[in-house]
Structures are given as C-alpha cells and as structure tokens.
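Per the working numbering: the sequence shown = residues 78 to 798.
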Amino acid sequence: MASGLQGFLWTMLLLFCAIQELGAWAKHTSVEGPGLGQQEDPALLASGRVKRGWVWNQFFVVEEYTGTEPLYVGKIHSDSDEGDGSIKYTISGEGAGTIFLIDEITGDIHATERLDREQKTFYTLRAQARDRQTDQLLEPESEFIIKVQDINDSEPRFLEGPYIGSVAELSPIGTSVMQVMASDADDPTYGSSARVVYSVLEGEQHFTVDSKTGVIRTAVADLDRETQDRYEVVIRATDMAGQLGGLSGSTTVTIVVTDVNDNPPRFPQKMYQFSVVETAPVGTAIGRVKAEDSDIGENTDMTYQVKDEEAVEMFKVTTDSNTQEAVITVQKPLDYESKKVHTVVLEALNKFVDPRFLDLGTFRDQTIVRVSVLDVDEPPEFRPLSDLMEVQEDAHIGSVVGVVTALDPDTANRPVRYAIDRSTDAERIFDIDANTGAIVTGKVLDRETAGWHNITVLAMEADNHSQVSRASLRIRILDVNDNPPELATPYEAAVCEDAKPGQLIQTISVVDRDEPQSGHRFYFTLAPEATNNHHFSLLDIKVLILLILTLKRHHKSHLTSEDDEDMRDNVIKYNDEGGGEQDTEAYDMSALRSLYDFSEIKGGDGGGIAAEGGLSGNPASELHSLPQWVQSPDLDFSVFRDYICRKVEQADEDQSVPPYDSFQTYAFEGSDSPVPSLSSINTWSSSSEQDFSYLGGWGPRFRQLAALYAGRRAEEEADAS
Numbered sequence: 078m079a080s081g082l083q084g085f086l087w088t089m090l091l092l093f094c095a096i097q098e099l100g101a102w103a104k105h106t107s108v109e110g111p112g113l114g115q116q117e118d119p120a121l122l123a124s125g126r127v128k129r130g131w132v133w134n135q136f137f138v139v140e141e142y143t144g145t146e147p148l149y150v151g152k153i154h155s156d157s158d159e160g161d162g163s164i165k166y167t168i169s170g171e172g173a174g175t176i177f178l179i180d181e182i183t184g185d186i187h188a189t190e191r192l193d194r195e196q197k198t199f200y201t202l203r204a205q206a207r208d209r210q211t212d213q214l215l216e217p218e219s220e221f222i223i224k225v226q227d228i229n230d231s232e233p234r235f236l237e238g239p240y241i242g243s244v245a246e247l248s249p250i251g252t253s254v255m256q257v258m259a260s261d262a263d264d265p266t267y268g269s270s271a272r273v274v275y276s277v278l279e280g281e282q283h284f285t286v287d288s289k290t291g292v293i294r295t296a297v298a299d300l301d302r303e304t305q306d307r308y309e310v311v312i313r314a315t316d317m318a319g320q321l322g323g324l325s326g327s328t329t330v331t332i333v334v335t336d337v338n339d340n341p342p343r344f345p346q347k348m349y350q351f352s353v354v355e356t357a358p359v360g361t362a363i364g365r366v367k368a369e370d371s372d373i374g375e376n377t378d379m380t381y382q383v384k385d386e387e388a389v390e391m392f393k394v395t396t397d398s399n400t401q402e403a404v405i406t407v408q409k410p411l412d413y414e415s416k417k418v419h420t421v422v423l424e425a426l427n428k429f430v431d432p433r434f435l436d437l438g439t440f441r442d443q444t445i446v447r448v449s450v451l452d453v454d455e456p457p458e459f460r461p462l463s464d465l466m467e468v469q470e471d472a473h474i475g476s477v478v479g480v481v482t483a484l485d486p487d488t489a490n491r492p493v494r495y496a497i498d499r500s501t502d503a504e505r506i507f508d509i510d511a512n513t514g515a516i517v518t519g520k521v522l523d524r525e526t527a528g529w530h531n532i533t534v535l536a537m538e539a540d541n542h543s544q545v546s547r548a549s550l551r552i553r554i555l556d557v558n559d560n561p562p563e564l565a566t567p568y569e570a571a572v573c574e575d576a577k578p579g580q581l582i583q584t585i586s587v588v589d590r591d592e593p594q595s596g597h598r599f600y601f602t603l604a605p606e607a608t609n610n611h612h613f614s615l616l617d618i619k620v621l622i623l624l625i626l627t628l629k630r631h632h633k634s635h636l637t638s639e640d641d642e643d644m645r646d647n648v649i650k651y652n653d654e655g656g657g658e659q660d661t662e663a664y665d666m667s668a669l670r671s672l673y674d675f676s677e678i679k680g681g682d683g684g685g686i687a688a689e690g691g692l693s694g695n696p697a698s699e700l701h702s703l704p705q706w707v708q709s710p711d712l713d714f715s716v717f718r719d720y721i722c723r724k725v726e727q728a729d730e731d732q733s734v735p736p737y738d739s740f741q742t743y744a745f746e747g748s749d750s751p752v753p754s755l756s757s758i759n760t761w762s763s764s765s766e767q768d769f770s771y772l773g774g775w776g777p778r779f780r781q782l783a784a785l786y787a788g789r790r791a792e793e794e795a796d797a798s
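And the structure:
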C-alpha cells in the first residue's frame with residue numbers, strides 16, 4: 078500500500094517536471110530541426126533518399142528516485158520506423174548499459190539507479206538506429222542529454238563554523254557583531270530550493286540576525302561583561318525562502334563581550350594594619366594592599382598615592398606592575414619614642430580612564446592604613462654634642478676639659494656609662510669619668526708639641542655594653558706664653574778692618590714657639606756684660622724680628638816699617654796643623670797663638686788700645702767680643718778662610734810678585750805644640766775683650782786682619798782730642 082502510494086507520487090512528480098521542461102524542449106527542437114542533435118547523412122542524401130530524422134523529447138529524470146522498478150526516462154524513435162521490428166535502437170555514452178538501459182525494439186530508456194543532482198546534474202549519450210539484418214546505420218548517430226531534475230533534498234549548511242564574535246559591553250542597540258552565511262546544494266536556478274533565510278533560535282533576547290544577509294546585531298544596550306562575559310547564540314537557515322516544507326540547518330555562534338573601563342577600583346577593606354620596628358632602614362617594605370577592579374586587562378591598572386601630608390614625609394607607596402598591589406615602604410627613619418602609630422590615608426585610582434563612562438561616578442577609592450612602630454633596644458644618643466673642646470696648655474693634670482652627655486632613647490631610660498676609645502688616645506692624655514662624662518687631662522699638655530687632639534668617646538648602656546654609640550671629639554690646646562724667644566739660627570759675625578762707623582755688621586732674627594693672638598713683638602737689648610762695649614751699638618726695630626749690630630767706632634793702628642818688606646807669602650789651610658814646631662816648611666804661626674787666648678795677653682807692647690776717659694790697666698777690657706753661644710766642637714773658620722782666599726787672589730793677580738807661593742794643608746797639629754787654638758771665637762772663655770793690635774807687626778798681609786780685630790781706637794781718640 079505504501080509502495081503503491083509512493084510510486085503514484087513519483088509519477089505525479091515526473092509529470093510535473095515534464096510539463097515544466099516542455100517549453101525548453103520545444104525551443105530546442107525548433108532550433109535543431111526534426112531531431113535533437115540531428116545531423117544529415119551526405120550518403121543518404123546523394124542516393125536521392127527522402128530525408129528522415131529522429132523523433133524524441135528532451136529527457137529528464139528526477140533525482141533521488143526510491144521506487145523498486147526502473148524509472149522510465151523516455152523514448153528514442155526514428156521516423157523511418159514502420160513498427161515491423163526491422164530497426165534496432167542502441168545508445169552509447171555516459172551511463173549507457175549501466176545506469177541507463179534501452180529497449181532495442183521500442184527505443185524506451187529506463188534508469189536503473191538512484192541519481193543525485195548534487196553529484197551529477199546531467200549525462201551525455203548518443204543514439205543509433207540500425208538495420209537489424211545488416212546492422213547498418215539507418216539514421217545518422219545523434220547526441221542527446223539526460224538531465225537530472227532537482228528536488229529540495231539538501232538543507233542549508235553553515236560551512237565556515239564554528240563562529241566566534243565579540244562586542245564591547247555597553248554597546249548601543251544595533252551594534253554589528255559579525256556575519257554568518259549558509260549554503261544550499263540545491264539548484265539555485267530551479268524553484269526556491271536554494272533560497273535561504275536566517276533567524277535566531279536561541280539568544281534572541283540579546284541579539285538579532287538579518288534574515289537575508291545573516292548579520293548579527295545587539296538587541297540591547299546594557300550588555301555587562303562583569304555580569305556575563307559570553308553568549309551562545311543559535312542561528313537557523315531555512316531554504317524554500319522559509320516556506321512550509323523547506324529544509325533548514327543551524328549553527329551556534331559564540332559572542333564574547335569585551336571589557337571597557339566602566340568599574341572604579343574598590344578596596345576590600347576600609348582599614349589595614351601593619352607593624353614595623355623603629356630601626357627599619359629607609360626603603361623597608363611595610364606591607365601590601367590591593368584595590369579590586371571588576372574590569373580586566375589594562376582597565377585594572379592602578380596607581381596609588383598617600384593623601385595626608387604627614388604620612389607623605391614618613392612613607393612612600395609604589396605600584397607592583399605585575400600584581401597591581403600598593404607597596405608601602407619607609408621613607409624617613411621611625412622613632413617609637415616620638416610616635417608609636419602612624420595613620421596613612423591611601424588612595425587608589427585607575428591609570429586609564431574612559432571618558433565615556435565618567436558619568437558613572439569617580440574612578441578612585443580610599444582606605445586607611447595604620448602603621449604601628451615597634452620599640453627596640455637602641456644605643457645611647459649624644460645630645461647635644463659639640464665636637465670641639467678647648468683647654469690651656471698649662472692646665473694641671475685632672476683639669477676638666479668638658480663634659481659629654483648621652484641618654485638612652487628607649488622608654489626604660491637605662492643608665493649610661495662613658496669611656497674613651499684608647500685606639501684614638503693611646504698615650505692616655507685624657508681621661509673620662511665613666512658616670513658623668515667629664516673629660517679631664519691625664520698628662521701635662523704642650524701646645525708646641527701637639528696643638529690638637531682627636532679622640533672618640535663611647536657611650537653605652539650600663540647593663541648592656543653591646544648597645545654603644547660613638548662620638549668624635551676635637552680638643553684644641555690653647556697657647557700660653559711659656560717659651561722665650563730663640564735665635565732662628567746660630568750667628569757668627571765678621572767685620573773688615575776698613576769698615577766705616579755705622580756699617581751694618583749682622584742682622585739677627587729670633588723666633589718664639591708660642592702662638593700670640595696678634596703676632597709677636599720682640600724687644601732687643603745688649604746683654605749686661607756687653608753694655609760697656611763702645612765699639613758696637615744695637616738697633617732694635619720693634620715690630621720687626623731683627624737685631625742689628627753696627628760698628629760704632631773704628632781704630633786703625635800704626636803700621637810699622639815692615640809694610641814695604643818683601644816677604645814670602647805662605648797660604649796655609651789648617652784642617653790639620655801638621656807636625657807642630659818641627660814642621661819648618663810651614664809659616665811660623667806662633668804669632669797667632671795668642672788670638673783669643675785671653676790668658677796670655679801682654680800689656681804695654683804698643684798694641685794696646687786706650688779706653689775712653691784714660692788708659693786702662695787691661696787694654697783688652699775695652700773690647701767686647703762678638704756674640705757668643707754654645708756651639709758644637711766643629712768651629713767655623715769662615716772669617717779666616719774668606720780673608721786668606723782674598724789675599725791669595727790678590728797675590729795671584731799681582732804680576733810683580735814671584736810665583737813661589739806654596740799651599741799646604743795641615744789637618745793635625747801634632748803633639749807638644751805650644752801654640753793654642755787659632756779660633757777667632759773662644760766660646761768657652763769668660764773674657765770678653767782682647768787686644769789684637771800686635772797682628773799689625775806680622776807684615777802687610779796681616780794688617781787688615783789686625784785692623785779687623787783691634788779696631789781704630791787710637792785714631793778715634795786722636796780725633797776726639
């Protein structure tokens with residue numbers, strides 16, 4: 078029953094298809110002549126045979142035939158066929174003998190297999206009419222087409238799925254999300270089998286789809302990513318233009334709602350508490366807090382800041398770029414004794430703000446951070462401490478230089494003990510009272526030896542010496558006038574025999590190791606034992622450190638007749654006085670042995686010098702020796718050396734003197750010599766005057782030396798008379 082009904086329906090369908098194709102067939106036959114694809118056979122026309130042709134319709138076969146019998150396709154027929162069975166019909170080409178079979182006598186063609194237009198839309202074959210007896214062609218071979226007729230057997234399909242689209246939250250209604258497209262394998266040129274329309278099966282509350290283009294749009298304006306960040310929308314495509322009986326297909330479209338910065342930061346707590354020890358160094362992290370933001374990505378980037386001025390000085394806040402946390406660190410040293418708790422007002426705000434959503438409210442939030450400072454045991458602190466103390470150099474041992482004070486900064490306020498770091502005062506010049514911090518002198522001070530002392534003072538808790546502080550202290554030793562002036566260097570003066578009165582003999586400078594506040598002022602006078610010497614005077618230029626000896630009187634003794642005596646010059650350098658009296662080659666120096674030998678001065682030999690106001694029993698007492706001082710055993714003979722050198726030069730330049738001078742060196746006088754020391758200055762003698770006039774009797778070579786030491790006393794006395 079069911080199969081019979083099915084066959085009836087297929088027959089009606091075929092009839093319908095045949096009627097639709099009749100117009101196309103009529104047009105085709107009118108163009109091609111009596112037969113489809115008919116060709117004239119020149120041989121037949123030449124024999125005078127009447128022109129004949131194929132007679133048939135264009136063939137159609139409906140796809141997807143499911144009947145049990147072969148499906149009739151159509152008939153080929155030649156107009157020369159008289160129905161006596163003398164003509165045999167055959168076909169060749171696509172599907173001939175397999176898909177399509179022909180009845181040789183009637184020319185009926187049947188399809189033996191189920192056809193699918195979506196796989197092959199038509200088949201091309203060739204028809205032949207032959208003489209059954211001779212197998213010769215009675216008609217020219219003709220080509221024909223069997224077209225597979227479409228039926229709506231293919232539903233629309235979304236070939237580009239799965240589909241994923243996105244739209245920003247809070248987008249306006251009608252914002253385009255994406256486009257979907259379905260394809261139908263049916264013949265788009267035949268009927269409405271391939272005409273597709275779109276609709277929303279699921280998600281129509283939030284999205285719509287254009288029925289023709291497949292463009293998906295938002296249906297609401299309040300999409301909130303923080304509420305729902307994605308939607309699954311089902312889109313359906315239906316062929317036959319959506320009419321009843323049309324086939325349909327569907328796909329699921331995932332729509333992701335992207336984030337916008339529409340949420341401000343919010344601290345989960347209104348107060349946070351942290352603690353830190355008071356000795357924490359600057360830069361120590363105290364703690365971390367984080368403001369929450371419902372947005373994602375860069376819309377959650379934060380910046381933090383401290384709002385109150387007091388906390389800004391003590392603490393610093395930075396943002397951890399990875400976690401978006403606020404890191405609070407110490408910016409200034411803390412002190413438990415000064416302030417135990419700090420209150421920090423911390424504000425968080427978005428780094429990137431979308432101006433479209435400013436009307437939603439402020440995009441910042443605040444919280445309070447309480448920082449408790451923990452007490453630790455700290456070393457004593459010197460307060461206040463001046464690093465400079467002063468003490469006079471004549472201070473007695475035990476004198477107080479100054480006092481240092483240190484206090485325990487902790488609440489317990491433990492006792493403090495003091496000490497001196499002996500590595501800075503190894504000689505123990507100073508001491509300190511362990512309880513009071515008083516610094517006293519431990520030894521006698523001398524500013525000229527050490528004017529400054531740098532010491533380090535220690536302050537420590539009495540019951541915990543590990544808690545110790547150090548302070549550097551400079552102590553200046555103040556000067557007192559406890560040093561007399563001293564000669565800057567040993568002096569030895571000499572004067573020539575022809576020196577004029579008032580001539581400068583020696584300039585003397587002195588030094589004082591003390592440190593006056595406004596410079597030294599020295600006053601010079603001759604020693605008491607030299608005040609009776611009238612040959613020299615002293616000029617004291619106050620404010621100048623100078624002592625000037627000037628020649629006050631000059632005496633030139635009478636020269637003997639020996640001045641013109643031609644005498645043999647002997648220039649002798651006495652580093653070694655040679656062999657004493659036995660050294661006959663040397664110049665007889667016995668005449669010089671009394672030089673500065675005050676114990677052997679002879680009076681009344683004509684070489685004496687008259688003193689002012691009359692003759693003196695001791696002529697040598699009228700002369701004052703040159704300034705004397707304690708000097709080393711190595712005596713300076715520079716006066717003699719310079720004098721003798723000048724005489725040698727004069728003798729060498731004198732062309733009238735025969736060149737028989739001799740120069741000998743005597744570094745050792747030898748033994749048993751009656752001649753005393755030749756030094757011009759007897760530093761160990763107590764005598765201060767001597768008569769050197771007898772040197773003039775030694776000849777012209779010693780006149781200048783005699784004048785140098787004897788003076789010109791007689792001449793001055795004569796001038797005075």
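Every residue, glycine too, gets a C-beta built ideally from N, C-alpha and C.
All figures in this text were calculated on a predicted structure; none of them were measured in a lab.
Quiz prompt | alpha helix (DSSP H) segment containing Ala604, residue limits | solution = Residue numbering aside, residue 604 sits at position 527 when the sequence shown is read from its first letter. Segment: none, Ala604 is in no alpha helix (DSSP H) and carries neither H nor E.
Quiz item: Three-state secondary structure (DSSP) at Asn33?
Solution: There is simply no residue 33 to check, as the chain begins at 78 and stops at 798 in what is shown.
Quiz item: What are the partner residues of Gln205, as DSSP defines its beta bridges?
Solution: Translated into positions along the sequence shown, residue 205 becomes position 128. Answer is Thr167.
Quiz item: Roughly how far, in whole angstroms, is the beta-carbon of Thr198 from the beta-carbon of Lys224, given that I think they are within contact range, below 8 Å?
Solution: The residue labelled residue 198 in the question sits at position 121 within the sequence shown. The residue labelled residue 224 in the question sits at position 147 within the sequence shown. Indeed they touch by this definition, with Cβ atoms about 7 Å apart.
Self-check item: Same chain, Cβ closer than 7 Å to Thr361, five either side skipped, listed in chain order
Solution: The count along the sequence shown starts at 1 and reaches residue 361 at position 284. Val353, Thr406, Val407.
Quiz prompt | Under 8 Å between C-beta atoms of Asp414 and Tyr381 | solution = Taking the first residue of the sequence shown as 1, we reach residue 414 at position 337. Taking the first residue of the sequence shown as 1, we reach residue 381 at position 304. A small fix is needed here, since residue 414 is Glu in this sequence, not Asp. A distance of 8 Å or more separates the beta carbons of Glu414 and Tyr381.
Quiz item: Taking only beta-carbon atoms, is Ala496 less than 8 Å away from chain B?
Solution: Protein chain content of the structure displayed is limited to a single chain, and chain B is not contained in it.
Exercise. Leaving out five residues on either side along the sequence, give the residues of the same chain with a beta carbon under 6 Å from the beta carbon of Thr533.
Key: Here residue 533 is taken as the residue at index 456 of the sequence shown, counted from 1. The residues are Asp498, Thr501, Arg547, Ser549.
Quiz item: If you run the structure through DSSP and keep just helix, strand and coil, what is Arg718?
Solution: By one-based count along the sequence shown, residue 718 stands at place 641. If DSSP states are grouped into helix, strand and coil, Arg718 belongs with the helices.
Practice problem: For Tyr600, count neighbouring C-beta atoms within 10 Å of its own C-beta (all shown protein chains included) and say buried if the count is 16 or more, exposed if not. | Solution: In the sequence shown, counting from the first residue as 1, residue 600 sits at position 523. It counts as exposed.
Quiz prompt | Of the listed residues Ala571, Gly184, Thr331, Ala314, nearest to Ala33 (C-alpha basis) | solution = Coverage of the chain is limited to positions 78 through 798, which leaves residue 33 absent and any answer about it impossible.
Exercise. Sort out for me which residues DSSP pairs Ala515 with in a bridge.
Key: As a working note, residue 515 is residue 438 in the sequence shown. BP columns for Ala515 point to Val480.
Quiz item: So what's Phe284 in DSSP terms, helix, strand or just coil?
Solution: Position 207 of the sequence shown holds residue 284. Note: Phe284 maps to strand in three-state DSSP.
Quiz item: Would you report the Cα separation of Arg272 and Asp227, rounded to the nearest angstrom?
Solution: One-based indexing of the sequence shown puts residue 272 at position 195. One-based indexing of the sequence shown puts residue 227 at position 150. Straight-line Cα distance between these residues: approximately 14 Å.
Exercise. Give the range of the beta strand (DSSP E) segment to which Ala536 is assigned.
Key: Reading the sequence shown from its first residue, position 459 is the one you call residue 536. Segment 529-538, the beta strand (DSSP E) holding Ala536.
Quiz item: For Ala570, which three-state DSSP category applies?
Solution: Residue 570 sits at position 493 when you count from the first residue of the sequence shown. Three-state result, Ala570: coil.
Quiz item: To the nearest whole angstrom, what separates the beta carbons of Ile846 and Ile509, a pair I think is in contact under 8 Å?
Solution: Any question about residue 846 goes unanswered here, given that the chain covers just 78 to 798.
Quiz item: When burial is assigned at 16 or more other CB atoms within 10 Å of the CB, is Met348 buried or exposed?
Solution: Within the sequence shown, residue 348 is the residue found at index 271, counting from 1. Label assigned to Met348: exposed.
Quiz item: Around the C-beta of Gln401, are 16 or more other C-beta atoms found within 10 angstroms, so that it is buried, or is it exposed?
Solution: In the sequence shown, the residue the question calls residue 401 occupies position 324. Gln401 sits buried, since 16 or more C-beta atoms from the chains shown fall within 10 Å of its C-beta.
Quiz item: What did DSSP end up calling Asn376 once you bin it into helix, strand or coil?
Solution: In the sequence shown, residue 376 corresponds to position 299, counting from 1. Helix at Asn376.
Exercise. State the Cα-Cα distance for the pair Ala296 and Ile332, rounded to the nearest angstrom.
Key: The sequence position of residue 296 within the sequence shown is 219, counting from 1. The sequence position of residue 332 within the sequence shown is 255, counting from 1. Answer to the nearest angstrom: the Cα atoms are 13 Å apart.
Quiz item: Can you list, in chain order, the residues of its chain whose CB lies under 6 Å from that of Asn695, leaving out five sequence neighbours each side?
Solution: Your numbering for residue 695 matches position 618 in the sequence shown. Residue placement at Asn695 is flagged as unreliable, the pLDDT there being 37, under the threshold of 50; the coordinate-derived value follows with that caveat. Cβ within range, chain order: n/a, list empty.
Quiz item: So what's Glu355 in DSSP terms, helix, strand or just coil?
Solution: Translated into positions along the sequence shown, residue 355 becomes position 278. Of the three classes helix, strand and coil, the one that applies to Glu355 here is coil, per DSSP.
Quiz item: Hey, would you say Ile186 sits closer than 8 Å to Gly151, going by beta carbons?
Solution: Sequence index remark: in the sequence shown, residue 186 carries index 109 (1-based). Sequence index remark: in the sequence shown, residue 151 carries index 74 (1-based). Cβ atoms of Ile186 and Gly151: closer than 8 Å.
Self-check item: Integer Cβ distance of Val292 from Gln256, believed to fall under 8 Å
Solution: The residue you call residue 292 lines up with position 215 of the sequence shown. The residue you call residue 256 lines up with position 179 of the sequence shown. Rounded, the Cβ-Cβ distance is 5 Å, consistent with contact.
Exercise. Would you mind giving the Cβ-Cβ distance between Ser169 and Leu215, rounded to the nearest angstrom? I have them listed as a contact below 8 Å.
Key: Here residue 169 corresponds to residue number 92 of the sequence shown, with the count starting at 1. Here residue 215 corresponds to residue number 138 of the sequence shown, with the count starting at 1. With a Cβ gap of about 16 Å, Ser169 and Leu215 do not count as contacting.
Quiz item: Should the segment 460-467 be regarded as contacting the segment 426-444, the criterion being three or more beta carbon pairs within less than 8 Å?
Solution: no
Practice problem: Could you say if the segment 368-386 and the segment 273-280 meet the contact criterion of at least three C-beta pairs nearer than 8 Å? | Solution: The segment 273-280 and the segment 368-386 do not touch, with fewer than three beta-carbon pairs separated by less than 8 Å.
Quiz prompt | Paired residues, beta bridge with Glu458 - DSSP | solution = Counted from its first residue, the sequence shown places residue 458 at position 381. According to DSSP, Glu458 bridges with Leu484.
Quiz prompt | Per-residue DSSP class, three states only, for Leu321 | solution = One-based indexing of the sequence shown puts residue 321 at position 244. Of the three classes helix, strand and coil, the one that applies to Leu321 here is coil, per DSSP.
Exercise. With DSSP as the reference, please indicate the residues paired to Ala314 in a beta bridge.
Key: Against the sequence shown, residue 314 aligns to sequence position 237. According to DSSP, Ala314 bridges with Tyr275, Gly326.
Exercise. Kindly examine the ligand ZN and report whether one of its heavy atoms sits closer than 7 Å to the Cβ of Met348.
Key: The ligand ZN is not part of the structure shown, which contains no ligands of any sort.
Quiz item: Contact check, Pro233 vs Ala314 under 8 Å by CB: the rounded distance?
Solution: One-based indexing of the sequence shown puts residue 233 at position 156. One-based indexing of the sequence shown puts residue 314 at position 237. So it is a contact: roughly 4 Å between Cβ atoms.
Self-check item: C-alpha gap between Leu623 and Ala565, whole angstroms
Solution: Start at 1 with the first residue of the sequence shown, and residue 623 comes out as number 546. Start at 1 with the first residue of the sequence shown, and residue 565 comes out as number 488. Any reading at Leu623 must be qualified, since the residue scores a pLDDT of 45, below 50, and its modelled position is unreliable; the value itself is stated next. About 11 Å.
Quiz prompt | Simplified DSSP state of Asp729, which is helix, strand or coil | solution = Here residue 729 refers to the residue found at position 652 of the sequence shown. Correct three-state label for Asp729: helix.
Quiz item: Where does Val297 sit, in a helix, a strand or coil, going by DSSP?
Solution: Here residue 297 refers to the residue found at position 220 of the sequence shown. Coil.
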